[in-house]
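Colleague: First, the structure itself, so that you have it in front of you.
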Amino acid sequence: MALFDSSHENSHQNSVIMQNTTPHEVETIVGPSVKVEGDFNSQGNVLIQGTVSGTIKTDKYLQVEEGAKIMASVRADSVKVSGEVQGNIRAKSTIELTPTARVIGDIEAKTLIIAPGAILHGKCAMLGTNEAPDGKAKAGKRRGEAEGDYAFPKSLVEDEA
Amino acid sequence: MYLYLYDASLKERQYERVISNLETQMTDLGITGKIVRLSSLLSPKQIISEELRRSKDLKTVVIVGDDTAFTKIIQQVADLPVTFGWVPVGPKTDLAERFGLPYGAACAQILSRRRIMELDVASCNQFYFFDFCHIPLAGVTMQLDGSMTIRGDAEKMECFIWNVPPTNRSQMPPGYTPSPYDRQLEIVLMPVARKTIFSSKMAPPSIFPFRDAKIILDKPMAVNVDGNVLKERQLNIQLLPKPLRLIVHRQGDTKAI
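Sequences listed follow chains A and B, in order.
Going letter by letter, the first sequence gives residues 41 to 201 in this note's numbering.
Going letter by letter, the second sequence gives residues 3 to 259 in this note's numbering.
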């Protein structure tokens, strides 16, 4: 009897599990005892605790944990670094370097957060609001647009017009 | 038109009543069809292919049996262009319950409603798998999607590929839930951090999504693919380009419709 009861409970639990399961956002985890070589492409959030060499691309968030080592160029929507990165980092929105971060390479982002204690050997570039996401100012545009690196806030430009 | 494949184990007397109730329900609901009782000499793939050749009206193949029967048949026929139904009857029906399929005759109602979901199916060497693939502790090197190579620092790793969330969720890394609807697979690597005489302590897991994986083991190991054990040294695991169409119950539906 107890067996029947438990199986009934299980079946209920299982159907609840399936109901709660949504097509999940993929979380890629590179664990501390794993080495990855090559082109690492992901469409979800990525957490790196181990070693990666090659290139890393993700459409979402990338977190490099303390103890992790990346020897690769990195592209992501936003990046938080607590470990070591040897390579350029390019983020569409934010790069955050925590006190334990060590970056040897150029970084490029819209928003940059560097905590005291973080080490950065490389150039910084900020993506302007009207710049292309690859960071290159488009040549051959009107004089006003091509000249300055500084981007006026959109609201001001619209008001003037 | 429906084709019903009855698992060989259902010949036992204890299932007579369940089967007769099921057949009554099928008649009442107007979903009767050809019944084939499987045996070790009959290949499900051959039966379905022959029926497809004979009749163009064959759209649905219903497997009547438990988890083992279903996964065993799916391993051979997942690539055929039909919609599958499943009536769980037999000793172990956990997997069916995860899709909200009730035991025996009660499932006829669900078949008649025809709520079809497209589910991921993968192939592991020559077999298809629907539920899971488990590689025991071994020295593992793998290449995912032809672009990256993964090696473990540790001597040995245990690998899991779940397509459907398992009943015992404690095996899975916290926060991770596999989905059979996401058109990709994930491999979970659990390396050994410390080995003692009696047990092995596992290091934090790694999870990699993929569609195509080539896994090389240091020696031939007993790999469990949906309950069937293959002894292999090299595994080619691929997500099938066409999903499996399965009639499921609304409760088991993981997509919000």
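Heads up, the beta-carbon is just placed ideally off N, CA and C, and yes, glycines get one too.
#1: Check residue 166/B in the structure and name its three-state DSSP category.
#2: Indicate whether at least one CB of chain B lies closer than 9 angstroms to the CB of residue 129/A.
#3: From residue 261/B to residue 79/B, what does the alpha carbon distance come to, in whole angstroms?
#4: In the DSSP assignment, what residue or residues form a beta bridge with residue 68/A?
#5: Kindly list, in the order they appear in chain B, the residues whose Cβ is closer than 7 angstroms to that of residue 89/A.
#6: Using a Cβ-Cβ cut-off of 6 angstroms (strictly less than) and excluding sequence neighbours within five positions of residue 150/B, which residues of its own chain qualify?
#7: In chain B, what lies closer than 7 angstroms to residue 79/A by C-beta?
#8: Identify the contact partners of residue 75/A in chain B, using a Cβ-Cβ distance below 8 angstroms as the criterion.
#9: Is residue 62/A close to chain B? Criterion is C-beta to C-beta, closer than 9 angstroms.
#10: In or out: residue 251/B buried (at least 16 other Cβ within 10 Å) or exposed?
#11: With a CB to CB cut of under 7 angstroms and the five nearest residues on each side skipped, what residues in its chain are close to residue 126/B?
#12: Using 8 angstroms as the threshold, is the segment 153–165 of chain A in touch with the segment 123–143 of chain A, meaning 3 or more CB pairs across them?
#13: Using a Cβ-Cβ cutoff of less than 6 angstroms, which residues in the same chain neighbour residue 53/B once the five nearest sequence positions on both sides are dropped?
#14: I'd like to confirm the pairing. Which residues does DSSP put opposite residue 140/B in its beta bridges?
#15: In chain A, what lies closer than 8 angstroms to residue 191/B by C-beta?
#16: Since residue 210/B meets chain A, which of its residues come closer than 7 angstroms, beta carbon to beta carbon?
#17: Apply the 10 Å Cβ neighbour rule to residue 146/B and answer buried if 16 or more other Cβ atoms are within range, or exposed otherwise.
#18: Which residues does DSSP list as the beta-bridge partners of residue 208/B?
#19: Name the DSSP beta bridge partners of residue 217/B, please?
#20: Locate the beta strand (DSSP E) running through residue 154/A, then write down its first and last residues.
#21: Rounded C-beta distance between residue 209/B and residue 178/B? I'm assuming under 8 angstroms.
#22: With distance defined between alpha-carbon atoms, name the residue in 155/B, 181/B and 191/B nearest to residue 166/B.
#23: Contact between the segment 85–102 of chain B and the segment 63–72 of chain B is defined here as three or more beta-carbon pairs at a separation below 8 angstroms; is this criterion met?
#24: Quick one: which chain B residues come within Cβ less than 8 angstroms of residue 94/A?
#25: On the premise that residue 134/A lies in contact with residue 122/A, defined as a C-beta separation below 8 angstroms, what is that separation, rounded to the nearest angstrom?
Modeller: By the coordinates alone:
#1: Against the second sequence, residue 166/B aligns to sequence position 164. Note: residue 166/B maps to coil in three-state DSSP.
#2: For the purposes of this step, residue 129/A is taken as the residue at position 89 of the first sequence. Chain B contact via Cβ: absent.
#3: Residue 261/B lies beyond the range of chain B shown here (3 to 259); nothing can be said about it.
#4: Counting from one through the first sequence, the residue named residue 68/A turns up at place 28. Residue 68/A pairs with 86/A.
#5: Within the first sequence, numbered from 1, the residue matching residue 89/A stands at position 49. Ordered by position in chain B, the residues that pass the 7 angstroms Cβ test against residue 89/A are 206.
#6: In the second sequence, residue 150/B corresponds to position 148, counting from 1. Cβ neighbours of residue 150/B beyond the five flanking positions: none.
#7: Residue mapping note: residue 79/A aligns to position 39 of the first sequence, counting from 1. Here the neighbours are 149 and 150.
#8: Here residue 75/A is taken as the residue at index 35 of the first sequence, counted from 1. Correct list: 152, 153, 154 and 155.
#9: Numbered from its first residue, the first sequence carries residue 62/A at position 22. Summary for residue 62/A: the model assigns pLDDT 34, below 50, so the residue's position carries little reliability; its value from the coordinates is reported in the next sentence. Yes, residue 62/A counts as interfacial toward chain B.
#10: Within the second sequence, residue 251/B is the residue found at index 249, counting from 1. Residue 251/B is buried by the Cβ-count criterion.
#11: In the second sequence, counting from the first residue as 1, residue 126/B sits at position 124. Result list for residue 126/B: 135, 227, 237 and 239, in chain order.
#12: yes
#13: Along the second sequence, one-based indexing puts residue 53/B at 51. The answer, listed in chain order, is 5 and 60.
#14: Your numbering for residue 140/B matches position 138 in the second sequence. DSSP output for residue 140/B lists 159/B as bridge partner(s).
#15: Working through the second sequence from its first residue, we reach residue 191/B at position 189. What residue 191/B touches in chain A: 71 and 74.
#16: Here residue 210/B corresponds to residue number 208 of the second sequence, with the count starting at 1. Within chain A, the residues near residue 210/B are 68.
#17: Taking the first residue of the second sequence as 1, we reach residue 146/B at position 144. So residue 146/B counts as buried.
#18: Counting from 1 along the second sequence, the entry for residue 208/B is found at position 206. In DSSP, residue 208/B forms a bridge with 191/B.
#19: In the second sequence, counting from the first residue as 1, residue 217/B sits at position 215. Residue 217/B pairs with 144/B and 237/B.
#20: Against the first sequence, residue 154/A aligns to sequence position 114. From DSSP, the beta strand (DSSP E) with residue 154/A extends over 151–154.
#21: Numbered from its first residue, the second sequence carries residue 209/B at position 207. Numbered from its first residue, the second sequence carries residue 178/B at position 176. With 8 angstroms as the limit, residue 209/B and residue 178/B qualify as a contact, their Cβ atoms being about 6 angstroms apart.
#22: Taking the second sequence and counting its residues from 1, the one referred to as residue 166/B is at position 164. The candidate whose alpha carbon is nearest that of residue 166/B is 181/B.
#23: yes
#24: Along the first sequence, read from residue 1 onward, the residue named residue 94/A stands at position 54. Simply 150.
#25: Numbered from 1 along the first sequence, position 82 holds the residue referred to as residue 122/A. Numbered from 1 along the first sequence, position 94 holds the residue referred to as residue 134/A. 14 angstroms between Cβ atoms; not a contact.
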